[in-house]
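Working notes, beginning with the structure itself.
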């Protein structure tokens, strides 16, 4: 059976993911920026509400995956927080400036996780690394249990051939989890071509604000973002995606 991990941008989304049949959530905030480390409140509420696995993304900011010393200290503190709050795993990825895997820093974080009994997923930093196949071998050596990838392209369907090659190269040594742009319309073809056994999706739908008064003269952030709408995981979309992934 093909299983689904939901990229949940809030505790509310995480709860919907479980209701729809997901086996795991990757909990984050700021999904529109690719996901950053979730707040303590989102982690606490998710852990309290969920029986399925909760993995937290450890990403102190949006942008690239080359981190300063201060940012790395933040990442270590966030791994400790995830351990203390009872998470099942963490999701991270650190690269060197030449696009290779930062073996030392990744090893330090994965060591912290494994010592506490947590799993570790390498996220889509994989897709911007300088050598996909060398990177995969490095991640296997480090002890990651899975890698989230779109095959080095903007979406999993665009990178479908590379995903298939990674699954063949991995040969069961690490799980290859396709993600980015996966939906009920394309998931069957993705599974058929790659033979992936787990997939990753936000399974989200737009939620409009209940605010009646709106001051249109001011914005709190980017003018390209609708500040009176959010996206949250929809349990029905989760359910449909799992059904289609499994031949339904």
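Residue numbers (my numbering): 74 to 321. Using N, Cα and C, we set each Cβ at its ideal position, and we do this for glycine too.
Assign residue 128 to one of two classes, buried (16 or more other C-beta atoms within 10 Å of its C-beta) or exposed (fewer than that). buried
Does the beta-carbon of residue 50 have 16 or more other beta-carbons within 10 angstroms, so that it is buried, or is it exposed? Absent from the structure is residue 50, since the part of the chain shown begins at 74 and ends at 321.
Could you tell me which of 121, 76, 316 and 154 sits nearest to residue 110, measuring between CA atoms? 154
When 233, 172 and 264 are compared against residue 203, the one with the closest alpha-carbon: 172
For the segment 195-235, which segments carrying the alpha helix (DSSP H) assignment without a break, of at least 4 residues, lie completely within its bounds, in sequence order? 205-215
At which residues does the alpha helix (DSSP H) containing residue 148 begin and terminate? 142-157
Quick test of your reading: residue 84 and residue 90, contact by CB under 8 Å. State the CB separation rounded to the nearest angstrom. The pair is not a contact, with the Cβ atoms about 10 Å apart (cut-off 8 Å).
So does the segment 182-197 actually touch the segment 238-245, counting three or more Cβ pairs closer than 8 Å? no
Suppose you measure from the CA of residue 264 to the CA of residue 288; what does that come to, to the nearest Å? 46 Å
Given this structure, state the Cα-to-Cα distance separating residue 234 from residue 144, to the nearest angstrom. 34 Å
Looking only at its own chain, which residues have a Cβ that is under 6 Å from the Cβ of residue 259, when we skip the five neighbours before and after it? 230
Take residue 175 and list the residues in its own chain whose beta-carbon comes closer than 7 Å to its own, dropping the five residues that flank it on each side. 167, 168 and 169
Compute the Euclidean distance between the alpha carbons of residue 115 and residue 164, then round it to the nearest angstrom. 16 Å
So residue 271 packs on residue 76, CB below 8 Å; how close in whole Å? 5 Å
Status (buried if at least 16 other CB within 10 Å, exposed otherwise) for residue 290: exposed
Check residue 291 in the structure and name its three-state DSSP category. coil
If we call anything under 8 Å between Cβ atoms a contact, is residue 160 one with residue 205? no
Applying the 10 Å Cβ sphere with the 16-neighbour rule, what's the burial state of residue 283? exposed
Sorted by chain position, which residues of the same chain lie with C-beta nearer than 8 Å to residue 269's C-beta, five sequence neighbours on each side aside? 75, 236, 240, 249, 250, 251 and 263
Look at the alpha carbon of residue 96 and the alpha carbon of residue 223, and state the distance between them as a whole number of angstroms. 20 Å
For my contact list, residue 152 and residue 186 are in at a C-beta cut-off of 8 Å; report their separation, rounded to the angstrom. 6 Å
With distances taken Cα to Cα, identify the nearest neighbour of residue 117 among 162, 158 and 93. 158
Does the separation of the CB atoms of residue 86 and residue 300 fall below 8 Å? no
Let me check understanding here. Comparing Cα to Cα, which of 133, 88 and 148 lies closest to residue 124? 88
Would you kindly report the start and end of the unbroken beta strand (DSSP E) that includes residue 278? 277-281
Among 179, 312, 280 and 216, which one has its Cα closest to the Cα of residue 303? 280
Take residue 215 as the anchor and find which of 181, 256, 197 and 232 has the nearest alpha-carbon. 181
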